[in-house]
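Working notes, structure below.
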Amino acid sequence: MAVTRAKKRQERDERPSRHKPPSGVVIEGVSAGTDATVRAGESTLPFDFEAVFHAHYRRIARVIVRVIQDPSRAEELAVDVFCKLWRHPSAHGAHCAGWLYRSAIRSALDELRKRTRREKYERWFGIHTPQLEDPERSREAAEERTRIRTVLTSLRSQDAQLVALRSEGLSYEELAETLNLKPASIGTMLRRAQDSFRREYIKRYGNA
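In short: position in the sequence shown from 1, add 367, done, that's my numbering.
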């Protein structure tokens with residue numbers, strides 16, 4: 368189960384001295400319904416990590432897989448995103464969904480850049496990864512996914528995030544909240560990002 372992996376990875380990655388939650392944060396019942404309490408000044412706000420995980424994990428993984436086109440790796444990166452949320456109590460609260468989506472798209476784009484560099488080095492040194500036997504249509508689909516990834520990595524970070532998150536179906540309001548942008552500007556910024564994507568795609572690959 369992914370939530371269990373997130374907890375195990377959190378426990379494995381942190382040193383013993385860090386197992387205690389940061390000052391001002393109390394985490395109870397990690398293995399059976401995590402309930403963190405974040406104290407801000409005089410107020411006390413409950414934060415149920417496990418409920419947040421179950422509410423958002425699948426969509427976070429879909430956001431990542433839409434960018435990197437690798438379901439298994441997307442699941443790993445999604446777990447990493449939730450581990451980061453665990454370690455950042457400042458992100459806990461009503462707006463944690465936006466923090467999760469921002470972290471997810473950044474992780475996905477970082478993964479793309481790493482993969483692009485790795486593939487470039489493999490070409491330089493003549494290293495070829497064996498390909499499975501696929502029909503022509505699958506080959507063409509794989510090429511198209513590669514083109515999309517290449518174009519995304521060439522865009523400004525904000526434009527790439529807008530295009531990728533919009534393709535996942537986020538509304539203008541969700542995009543504004545996720546990327547900390549003014550709602551009134553989202554329409555214009557999204558059109559510009561999509562135009563940038565289209566121009567870069569055409570410049571590299573034509574109108575096909």
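Quick reminder that beta carbons are idealized off the backbone N, C-alpha and C, glycines included.
Here the structure is a predicted model, which means the values were calculated and not measured.
Alpha carbon of residue i to alpha carbon of residue j, nearest angstrom
{"i": "R480", "j": "R433", "result": "15 Å"}
{"i": "R523", "j": "E417", "result": "34 Å"}
{"i": "E567", "j": "V430", "result": "22 Å"}
{"i": "H421", "j": "R512", "result": "29 Å"}
{"i": "R571", "j": "P456", "result": "43 Å"}
{"i": "S552", "j": "S538", "result": "13 Å"}
{"i": "K549", "j": "H462", "result": "15 Å"}
{"i": "A565", "j": "A543", "result": "According to the sequence shown, residue 565 is Arg rather than Ala. So the alpha carbons of these two residues sit roughly 22 Å apart."}
{"i": "I394", "j": "C450", "result": "Per-residue confidence for I394 stands at a pLDDT of 31, beneath the threshold of 50, marking its modelled position as unreliable; no derived number is given."}
{"i": "D415", "j": "S439", "result": "26 Å"}
{"i": "S563", "j": "P413", "result": "42 Å"}
{"i": "I569", "j": "S521", "result": "13 Å"}
9 Å Cβ cutoff met for residue i and residue j
{"i": "L467", "j": "V448", "result": "yes"}
{"i": "E503", "j": "I435", "result": "no"}
{"i": "L519", "j": "L557", "result": "no"}
{"i": "E540", "j": "R426", "result": "no"}
{"i": "G460", "j": "T545", "result": "no"}
{"i": "R516", "j": "R482", "result": "yes"}
{"i": "Q525", "j": "A560", "result": "yes"}
{"i": "A509", "j": "A475", "result": "no"}
{"i": "V419", "j": "L452", "result": "yes"}
{"i": "A441", "j": "A458", "result": "no"}
{"i": "N547", "j": "R469", "result": "yes"}
Range of the contiguous alpha helix (DSSP H) that encloses residue i
{"i": "S524", "result": "S524 to S534"}
{"i": "R554", "result": "Looking at the sequence shown, residue 554 is not Arg but Gly. Residues P550 to Y572."}
{"i": "A422", "result": "F416 to I435"}
{"i": "S439", "result": "P438 to R454"}
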